[in-house]
Amino acid sequence: HSLALLPFLFWRASAVLHASRLAPDGSFPAAAGTPVRFTFTPEAEGNGVEMLHFEIRVWSSSGALAAEKQVVGGNPMAELALEPGRYRWSVQWWSKLGEASEVAESTVAVAPGDDIWLG
């Protein structure tokens with residue numbers, strides 16, 4: 417009878433994964449001509465969860481996919497070259513156990529030339 421409970425001892429509920437502290441967050445424009453650095457903090461409701469890879473997607477103000485990048489590893493940073501404009505971006509990451517985080521979104525403005533105000 418005690419062997420029937422054995423599978424429950426090794427069962428682990430899926431961790432709830434999400435991303436926080438997304439940068440850039442639209443507060444300050446990024447400079448055109450240099451890659452935009454995207455960063456985030458991967459978080460999990462559970463101990464011992466490690467990030468395997470993540471994906472950044474960037475959409476133009478018209479809704480077209482402007483750029484995307486998949487990164488393998490535990491460093492939550494990616495750089496993408498973007499033309500001047502306003503963008504919406506998202507990040508999603510996956511754990512080493514194959515669990516996917518919720519998609520987190522933010523905005524970024526890339527300033528043309530030396531212009532730091534996009535109005």
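In our numbering, the protein residues as written are 417 to 535.
Even for Gly, the Cβ is constructed at its ideal location relative to N, Cα and C.
Small disclaimer: the values here were computed from a predicted structure and weren't measured.
- Along the length of the region 424-509, whole beta strand (DSSP E) runs at least 3 residues long occupy 432-439, 452-461, 467-476, 481-488, 493-496, reported in chain order.
- Of all C-beta pairs linking the region 461-478 to the region 499-509, three or more are shorter than 8 Å, placing the two stretches in contact.
- With a cutoff of 7 Å on beta-carbon distance, LYS485 and LEU468 are scored as not near each other.
- If the five residues before and after ARG473 are omitted, its C-beta is found closer than 6 Å to the C-beta atoms of GLU484, SER506, all from its own chain and listed in chain order.
- A direct Cα-Cα distance of roughly 22 Å separates MET493 from ASN463.
- Closest in C-alpha terms to ARG437, from the list VAL526, SER522, PRO528, comes SER522.
- Ranked by Cα distance from VAL519, the options GLY489, THR457, PHE444, VAL526 are led by THR457.
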